[in-house]
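**Student:**
2 protein chains.
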Amino acid sequence: MDMKTYVTEKASQAREGARALARALSGRKNDTLLDMARSLKKRSKELLAENKKDVYAAKEKGLSKALVDRLTLNEKRIDEMAKGLEEVAALPDPVGQITGMWRRPNGMSVGRMRVPIGVIGIIYESRPNVTADAAGLCLKAGNAVILRGGSEALHSNMAIVRVLRDSLKQNALHEGAITFIDTPDRGAIMEMLKLEGLIDLVIPRGGEALIRTVTENSRIPVLKHYKGVCHVFVDRDADLIMAEEICFNAKVQRPGTCNAMETMLVDEAVAEGFLPSMLKRFENAGVALRGCPKTLSLYPHITEVKEEDYYREYLDLILNVKVVGDVDEAIAHIAKYGSAHSDAIVTMNHERAMRFLREVDSSAVFVNASTRLNDGFQFGLGAEIGISTDKIHARGPMGLEELTCEKFIVLGDGQLRE
Amino acid sequence: MDMKTYVTEKASQAREGARALARALSGRKNDTLLDMARSLKKRSKELLAENKKDVYAAKEKGLSKALVDRLTLNEKRIDEMAKGLEEVAALPDPVGQITGMWRRPNGMSVGRMRVPIGVIGIIYESRPNVTADAAGLCLKAGNAVILRGGSEALHSNMAIVRVLRDSLKQNALHEGAITFIDTPDRGAIMEMLKLEGLIDLVIPRGGEALIRTVTENSRIPVLKHYKGVCHVFVDRDADLIMAEEICFNAKVQRPGTCNAMETMLVDEAVAEGFLPSMLKRFENAGVALRGCPKTLSLYPHITEVKEEDYYREYLDLILNVKVVGDVDEAIAHIAKYGSAHSDAIVTMNHERAMRFLREVDSSAVFVNASTRLNDGFQFGLGAEIGISTDKIHARGPMGLEELTCEKFIVLGDGQLRE
């Protein structure tokens, strides 16, 4: 069977699964999610044995320690996958929710009803927990999922999918609802991206190269974020103690995440009072600093920042520091170098806080809080399937609601078009 | 200058226009729209003179009478364009609207704020009024627009754009906010579709061929509808007088529109009582009928429908008629042959009405009302830029809200990620 036929066949199964799942009641979906959680824990030996094959092959191939770690399953990580599914089961079901209804002069009622999107393709890299997380969220929102994980995690992903599909069968849900592309051939991705009649949305999760490949080749709508080049701006009217805590948290608490700060912008009116102690604290925490000329004049021994550094997502303990003239220069810097992900201002000045909030065009804009809080759980949305920096359909953390769309419903008693 | 440089230059102007426009207050945007409306009327002679060139060339080229009619401007059509802009000015401004705000356990407030999408590309065919309609809606929603109209309307479109841009200048708004691709070369479209960093959304308006070309070649998200294959299902518990009025309206009131009925489905329990008089009324109105075998047994002299007819959007006085066993068969028929546009059930049975409403996966689903009512004005959204049959971002009529997106805003007092 050629790749096109194979992938089309898989996507058709998912489409059938989607039709059945769109009608499933919340109770059945929740029972299934809880059953999946139980089964993952009960069958952990089977999962660990399959995972060992992937880990062994990865080490043989000489993959980095970090990659091997991301690939590795253990009892604790299996418990976390199970817990994730239980949490999704506890969230309210968005499907069928009527988000508004109004009456028109001719007497008909017009409203919007949340419905599943249909079939969602998830293309991801090595972490096997994405298999369970993504399948759980899509299931709860009434969508079938077609999963294409990294080839290095193939055995682990297949084992997880086997457990999840057994739960679907057990609960009389269509197995096509969780469909897995079980070939390591990358051609499968290209074929998936052409199936705009069978797949409704593609979400790539992984490095920038994967995301670019998907975006450039897809005929299907894509939701993604390329990178997080996030800023904190310390305004002249900032509480400098609060500013130091927010900047330190945004950079150091978990530097490898997309919502960590990459560039700190400081109003020149407070640079002298703020920078020396702040930068010392960063250095004590092991942060490598790159400063603009004005920063260097106050804190001389660090490296000078180059313009291209302002575009970089370090995902590491490295920080650009720039002194700016005012909030306008800060906003202009973010517009030019930022990635529309997460940006914050620290200030006690109401007018500048509101200007920053309105004018900075990012998925989440913060006043007096850390950019690290851009997260579905922190925002109270429940679990998330990723953070979108797109401007279509969803911006910021994508939870269950973002995995649905709204159709119009009309209740009439004989209304006609005049 | 090569095409790529030319289009990139244009899109960069639009991007600059978008940045400026995102901050414009409603008052200024409304004043500009009203000024545009006045100027279009005041400068109608200039518009008509330019339009004459297009109309002359179209006749020379032997374009069909219908196409020449769509292309032609007159005082009445210019007044309608102006009226459209006045109506947009009167609509509430979606930009800056906070659609929800809630407090988290750590004390921070999290909310969603509507913001413009940015730069919207509109690719359309011959009707010159789209130029003013699309520019007006995009402007009100704070978006810059980059317009690419049909080559046969080039002079008319350029004249309209000149008037609109003069109003922008007059009101101190950035002229890039309305950017026009003034070359008839189709290569310009291909270059536009690659500019994913400069254009945020593309909306094609025109025939299926244009829309397919755009979708297959775009790296930018696209909102569209291919076609409207719409159904009315007459249930066994329908009020047959109401059913006849709704079906007649859905087919005959304006058959050339996307929300007109193409296939009428009738429950076999009422087929004998309903069909003969209904079909006679259709024939008297000049509708050519294509019936399934059961329909033919009740009304023998009409053509037999072929399976491929069920997929067709006639946009004409032609109708497929099919007798089905029950609501399940009707829903299955719509899922298979429909285009997810507008579908209706006529029934007095509450349970089947609710099942149809939930299970039919179309942009608008109607109970006891005509599919012809799927329209932004009819639904109370104000003007619309088109009807989406996509499932991402917007389904159904796209008004001002659909030309915005929502970003997250967070108001804190020092919150950190633990």
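Protein chains in written order, with the numbering used here: chain A, 1 to 418; chain B, 1 to 418. From the three backbone atoms N, C-alpha and C, an ideal C-beta is built for every residue, glycine too.
Taking Lys140(B) as the reference, which of Glu125(B), Asp309(B) and Val119(B) has the closest Cα?
**Tutor:** Counting from 1 along the second sequence, the entry for residue 140(B) is found at position 140. Nearest of Glu125(B), Asp309(B) and Val119(B) to Lys140(B), Cα basis: Val119(B).
**Student:** Taking Ile181(B) and Val7(B) to be in contact with their CB atoms under 8 angstroms, please state how far apart those CB atoms are, rounded to whole angstroms.
**Tutor:** Translated into positions along the second sequence, residue 181(B) becomes position 181. Translated into positions along the second sequence, residue 7(B) becomes position 7. Contact flag correct, Cβ pair sits at about 7 angstroms.
**Student:** Output the residue ranges of the beta strand (DSSP E) runs that lie fully inside the stretch 210 to 251 of chain A and measure 3 residues or longer, sorted by chain position.
**Tutor:** Here the runs fully enclosed are 230 to 234.
**Student:** Could you tell me the distance, in whole angstroms, from the CA atom of Ser446(B) to the CA atom of Pro293(A)?
**Tutor:** Because chain B here runs from 1 to 418, residue 446(B) falls outside it and cannot be looked at.
**Student:** If contacts are defined as beta-carbon pairs under 8 angstroms, then Ile302(B) and Gly291(B) qualify, I think. What distance do you get, rounded to the angstrom?
**Tutor:** For the purposes of this step, residue 302(B) is taken as the residue at position 302 of the second sequence. For the purposes of this step, residue 291(B) is taken as the residue at position 291 of the second sequence. Correct: roughly 5 angstroms between the Cβ atoms.
**Student:** Roughly how many angstroms separate the alpha carbons of Glu329(A) and Asp361(B), rounded to a whole number?
**Tutor:** Taking the first sequence and counting its residues from 1, the one referred to as residue 329(A) is at position 329. Taking the second sequence and counting its residues from 1, the one referred to as residue 361(B) is at position 361. So the two alpha carbons sit approximately 48 angstroms from each other.
**Student:** With DSSP as the reference, label Met348(A) as helix, strand or coil.
**Tutor:** Numbered from its first residue, the first sequence carries residue 348(A) at position 348. Met348(A): coil per DSSP, three-state reduction.
**Student:** What residues in the stretch 198 to 212 of chain B have a beta carbon less than 7 angstroms from any beta carbon of chain A?
**Tutor:** Listed by position, the residues of the stretch 198 to 212 of chain B near chain A (Cβ gap below 7 angstroms) are Asp200 and Leu201.
**Student:** Taking contact to mean at least 3 C-beta pairs separated by less than 8 angstroms, is the stretch 71 to 79 of chain A in contact with the stretch 192 to 199 of chain A?
**Tutor:** Cβ pair count under 8 angstroms is below three, so no.
**Student:** Cβ of Asp163(B) within 9 angstroms of Cβ of Arg43(B)?
**Tutor:** The residue labelled residue 163(B) in the question sits at position 163 within the second sequence. The residue labelled residue 43(B) in the question sits at position 43 within the second sequence. According to the sequence provided, residue 163(B) is Val. The question's Asp does not apply to it. For Val163(B) and Arg43(B), yes; Cβs fall inside 9 angstroms.
**Student:** May I have the straight-line CA-CA distance separating Thr179(A) from Ala250(A), to the nearest angstrom?
**Tutor:** Within the first sequence, residue 179(A) is the residue found at index 179, counting from 1. Within the first sequence, residue 250(A) is the residue found at index 250, counting from 1. Spanning the two alpha carbons is a distance of roughly 38 angstroms.
**Student:** So what's Leu381(B) in DSSP terms, helix, strand or just coil?
**Tutor:** Locating residue 381(B) in the second sequence gives position 381, where the first residue counts as 1. Leu381(B): coil per DSSP, three-state reduction.
**Student:** Sort out for me which residues DSSP pairs Arg290(A) with in a bridge.
**Tutor:** For the purposes of this step, residue 290(A) is taken as the residue at position 290 of the first sequence. Paired residue(s): Thr303(A) and Asn320(A).
**Student:** Going by C-alpha to C-alpha distance, which of Ile318(A), Pro300(A), Glu216(A) and Asp326(A) sits closest to Arg236(A)?
**Tutor:** Taking the first residue of the first sequence as 1, we reach residue 236(A) at position 236. Selected option, being the one with the closest Cα: Asp326(A).
**Student:** Nearest chain B C-beta to Gln170(A) closer than 9 angstroms, yes or no?
**Tutor:** Looking up residue 170(A) in the first sequence gives position 170. Not an interface residue.
**Student:** Just to confirm, is the Cβ distance from Leu319(B) to Phe282(B) under 9 angstroms?
**Tutor:** Mapped onto the second sequence, residue 319(B) falls at position 319. Mapped onto the second sequence, residue 282(B) falls at position 282. Yes, the Cβ-Cβ distance between Leu319(B) and Phe282(B) is below 9 angstroms.
**Student:** Helix, strand or coil for Ile199(B), going by three-state DSSP, please let me know.
**Tutor:** Translated into the one-based positions of the second sequence, residue 199(B) becomes position 199. Coil, per DSSP.
**Student:** Excluding five sequence neighbours on each side, which residues of the same chain lie with their C-beta closer than 7 angstroms to the C-beta of Glu359(A)?
**Tutor:** The sequence position of residue 359(A) within the first sequence is 359, counting from 1. Here the set comprises Ile331.
**Student:** Sort out for me which residues DSSP pairs Asp267(A) with in a bridge.
**Tutor:** Taking the first sequence and counting its residues from 1, one reaches residue 267(A) at position 267. Bridge partners of Asp267(A): Val324(A).
**Student:** For the stretch 4 to 18 of chain B against the stretch 122 to 129 of chain A, are there 3 or more C-beta pairs whose distance is under 8 angstroms?
**Tutor:** Output reads no: the stretch 122 to 129 of chain A does not touch the stretch 4 to 18 of chain B.
**Student:** Got a sec, what are the start and stop residues for the alpha helix (DSSP H) Val68(B) sits in?
**Tutor:** The residue labelled residue 68(B) in the question sits at position 68 within the second sequence. First-last of the alpha helix (DSSP H) with Val68(B): Lys65 to Leu71.
**Student:** Is the Cβ of Val365(A) closer than 9 angstroms to any Cβ of chain B?
**Tutor:** As a first step, residue 365(A) must be located in the first sequence, where it is residue number 365. Closer than 9 angstroms: yes.
**Student:** Go to Ala57(B), then tell me how far its alpha helix (DSSP H) extends in each direction, as first and last residue.
**Tutor:** Counting from 1 along the second sequence, the entry for residue 57(B) is found at position 57. Ser44 to Glu60 is the span of the alpha helix (DSSP H), which, as asked, contains Ala57(B).
**Student:** On a CA-only basis, which of Ile98(B), Ala49(B), Leu137(B) and Ala24(B) is nearest Glu86(B)? Give me that one, please.
**Tutor:** The residue labelled residue 86(B) in the question sits at position 86 within the second sequence. Of the candidates Ile98(B), Ala49(B), Leu137(B) and Ala24(B), the one whose C-alpha sits nearest the C-alpha of Glu86(B) is Leu137(B).
**Student:** On the three-state DSSP scale, how would you describe Arg104(B)?
**Tutor:** Numbered from its first residue, the second sequence carries residue 104(B) at position 104. Coil.
**Student:** What would DSSP say about Tyr314(A), mapped onto helix, strand or coil?
**Tutor:** Start at 1 with the first residue of the first sequence, and residue 314(A) comes out as number 314. Correct three-state label for Tyr314(A): coil.
**Student:** Leaving out five residues on either side along the sequence, give the residues of the same chain with a beta carbon under 7 angstroms from the beta carbon of Ser39(B).
**Tutor:** Taking the second sequence and counting its residues from 1, one reaches residue 39(B) at position 39. Around Ser39(B): Val163, Asp166 and Ser167.
**Student:** Output yes if chain A places a C-beta closer than 9 angstroms to the C-beta of Val110(B); else output no.
**Tutor:** Within the second sequence, numbered from 1, the residue matching residue 110(B) stands at position 110. Judged by the 9 angstroms Cβ criterion, Val110(B) is in contact with chain A.
**Student:** Taking C-beta pairs closer than 7 angstroms, name the residues in chain B that Lys227(A) reaches, listed in chain order.
**Tutor:** Here residue 227(A) is taken as the residue at index 227 of the first sequence, counted from 1. The contacting residues do not exist; Lys227(A) stays about 13 angstroms from chain B at best.
**Student:** Taking 9 angstroms as the CB-CB cut-off, is Ser151(A) touching chain B?
**Tutor:** Here residue 151(A) is taken as the residue at index 151 of the first sequence, counted from 1. Taking Cβ atoms only, chain B never reaches closer than 9 angstroms to Ser151(A), which makes this a no.
**Student:** Give a yes or no on whether the minimum CB-CB distance between Arg43(A) and chain B is below 9 angstroms.
**Tutor:** Translated into positions along the first sequence, residue 43(A) becomes position 43. Cβ-Cβ to chain B under 9 angstroms: no for Arg43(A).
**Student:** Quick check: is the beta carbon of Leu437(A) nearer than 9 angstroms to any beta carbon in chain B?
**Tutor:** Nothing can be reported for residue 437(A): it is not among the residues displayed for chain A, which extend from 1 to 418.
**Student:** Starting from Leu405(B), follow the alpha helix (DSSP H) in both directions and report where the run begins and ends.
**Tutor:** Stepping through the second sequence from its first residue, residue 405(B) is reached at position 405. Reading the sequence as shown, one finds Cys at residue 405(B) and not Leu. Cys405(B) -> not in any alpha helix (DSSP H); beta strand (DSSP E) instead, spanning Thr404 to Gln415.
**Student:** How about Ala271(B) and Val323(B): do their beta carbons lie closer than 9 angstroms?
**Tutor:** The count along the second sequence starts at 1 and reaches residue 271(B) at position 271. The count along the second sequence starts at 1 and reaches residue 323(B) at position 323. Taking 9 angstroms as the Cβ cut-off, Ala271(B) and Val323(B) qualify as a contacting pair.
**Student:** Can you give me the C-alpha to C-alpha distance between Glu384(B) and Gly376(B), rounded to a whole angstrom?
**Tutor:** What you label residue 384(B) is simply residue 384 of the second sequence in a count that begins at 1. What you label residue 376(B) is simply residue 376 of the second sequence in a count that begins at 1. Straight-line Cα distance between these residues: approximately 5 angstroms.
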